[in-house]
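Remarks on the structure that follows.
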Amino acid sequence: MPKIKTSSFKYPEGWELIEPTIHELDAKMGKAENDPHDGKRKCEALWPIFRISHQRSRYIYDLYYRRKEISQEL
Numbered sequence: 020m021p022k023i024k025t026s027s028f029k030y031p032e033g034w035e036l037i038e039p040t041i042h043e044l045d046a047k048m049g050k051a052e053n054d055p056h057d058g059k060r061k062c063e064a065l066w067p068i069f070r071i072s073h074q075r076s077r078y079i080y081d082l083y084y085r086r087k088e089i090s091q092e093l
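Okay, so the sequence shown: first residue is 20 according to this note's numbering, each after it adds one.
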């Protein structure tokens, strides 16, 4: 019988240190995606989404390259 893959995913060691911040940024992203964009140009409606995406990327970059607090797997 073929091996059945499950959908469970094991997070690497140290995930619990950055998990709250990542979840907070994901919640902000969902809120920004669902905000009404009446009266705004198409590009103006995307600015908050780009800002939050950049903030999340910078957070992970700073932890890995500048502070050296997380591993590459994380």
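Virtual Cβ for every residue (Gly too), placed ideally from N, Cα, C.
Buried or exposed by the 16-neighbour rule on C-beta atoms within 10 Å, applied to residue i
i     : result
Ile41 : exposed
Cβ distance (whole Å) where residue i is taken to contact residue j below 8 Å
i     : j     : result
Ile37 : Leu82 : 7 Å
Pro31 : Leu93 : 5 Å
Ile89 : Gly33 : 6 Å
Whether residue i touches residue j by CB criterion (8 Å)
i     : j     : result
Ile79 : Lys47 : no
His56 : Ala64 : yes
Residue of the options minimising C-alpha distance to residue i
i     : options             : result
Arg75 : Leu44, Gly58, Asn53 : Leu44
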